[in-house]
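> The sequence shown begins at 1 in the UniProt record's numbering and counts up one residue at a time.
Here you go, one structure.
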Amino acid sequence: MMRGSLTYDRVLNTLAAWALAILWILPLAYAVWTAIHPAAYEARFVLTAPLTFENFQRAWAAAPFARYFLNTTLLVSLILACQFFLCTLAAYAFARFEFPGRGLLFTLVLLQLLVMPDILIVENYQTMRLLDLVDTIPAIALPYVASGFGIFLLRQTFLTVPRELDEAARVEGSSALGILWRVYIPLAKPTYLAYGLVSVSHHWNNFLWPLIVTNSEETRPVTVGLSVFSAIDSGIDWSVINAATLMTSGPLLIAFLLFQRQFVQSFMRAGIK
């Protein structure tokens, strides 16, 4: 009876997983269908429908997507570089150094995870105005250059590094920063990869803050550019809009498919202790 119940539960779980997967992939499948077929087949699913890449060409020519991609690449690269630098130093300090108020400061870092970024939009915009950075890429990046999640994740990884490696490095004459560079960072590469994918994905898709703080094509990322491109009064059909959507989301899909195993394994190795 017990074995039959377990088998029944496993079948239900499998069916539920497949149902969720189908619901998730249906919008993507529709976007791919409309993007590679003429507009006449937007709502007609005919297997013999002719394939075309004209929709991608029209979308690319209708808006400065090359500039949008450049802006987004610069943005996510700037944010990721700053996050790696600041989060690494902070996580190393919290993991291996004793100093007054360490527990309180780390608690404040964790509290950042409870604050929704949208709550600070007005304050962040006022700060960018005071710094005269409105409508610039640094203005989009500055509120995100330090990440409580990144500090927490790297700290958990650094705590798993044996103390003996620290002592061996000190015997060889390494300084604290030398130990960080030669011991901790190499051992945390899977965590850096996983966090990098999360950070790039989040800031590539970020929309509200870039929409508020940018005003021109020279600084708009792809999310804001796509929203302007697909405005109701633009007269663009769904085939072209979905082609543009696939162009902007394609890099993230490819990156996740290439690194999905490392992504999952690195979070499992990071462990929460």
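Cβ atoms here follow ideal geometry from the backbone N, Cα and C, with glycine treated the same way.
Given N13, which residues of its chain have a CB within under 6 Å of its CB, disregarding the five upstream and five downstream residues?
none
> Out of T72, D166, P50, T52, which has the shortest C-alpha to C-alpha gap to A95?
D166
> Would you say A93 and I151 are within 7 Å of each other, going by their C-beta atoms?
Taking 7 Å as the Cβ cut-off, A93 and I151 do not qualify as a contacting pair.
> Can you tell which of A255, T214, L208 has the C-alpha that lies nearest to the C-alpha of I119?
L208
> For C82, tell me which candidate among Y144, Y41, L15, Y184 has the shortest Cα-Cα distance.
Y144
> If we count the other Cβ atoms within 10 Å of its Cβ and call it buried at 16 or more, is residue 276 buried or exposed?
There is no way to answer for residue 276, as the model of the chain reaches only from 1 to 273.
> Can you list, in chain order, the stretches of the alpha helix (DSSP H) that have 4 or more residues and sit fully within the segment 103-173?
You should have 121-130, 137-141, 148-159, 163-171.
> Between E167 and chain D, is there a C-beta pair that is closer than 7 Å?
Of the protein chains in this structure there is only one, and it is not chain D.
> State the DSSP-derived secondary structure class of V11, mapped to helix, strand or coil.
Helix at V11.
> Do you know offhand how far F65's Cα is from T160's?
44 Å
> Go ahead and pull the three-state DSSP assignment for P251.
helix
> Indicate whether the contact test is met: 3 or more Cβ pairs, each with one atom in the segment 52-60 and one in the segment 21-40, closer than 8 Å.
yes
> Mind checking which residues open and close the alpha helix (DSSP H) that includes E54?
First-last of the alpha helix (DSSP H) with E54: 54-62.
> Rank V213, L197, N242, F229 by C-alpha distance to the C-alpha of L258 and give the top, closest one.
Answer by Cα proximity: L197.
> Going by beta carbon distance, what residues of the same chain come within less than 7 Å of T72, once the five residues before and after it are set aside?
W204, P221, V222
> Within 10 angstroms of the Cβ of R155, are there 16 or more other Cβ atoms? Answer buried if so, exposed if not.
buried
> Since A141 and L78 are thought to touch, with beta carbons under 8 Å apart, how far apart are those beta carbons, to the nearest angstrom?
5 Å
> Where does N71 sit, in a helix, a strand or coil, going by DSSP?
helix
> Answer yes or no: do A59 and A243 have a C-beta to C-beta separation smaller than 7 Å?
yes
> Cα-Cα, which of L153, F56, P138 is closest to V109?
L153
> How far does the alpha helix (DSSP H) with H203 in it extend, from its first residue to its last?
189-205
> Within 10 Å of its beta-carbon, does N206 have 16 or more other beta-carbons around it, so buried, or fewer, so exposed?
buried
> Does the Cβ of I137 have 16 or more other Cβ atoms within 10 Å, making it buried, or fewer, making it exposed?
buried
> With a threshold of 16 other CB atoms inside 10 Å of the CB of L111, please say whether the residue is buried or exposed.
exposed
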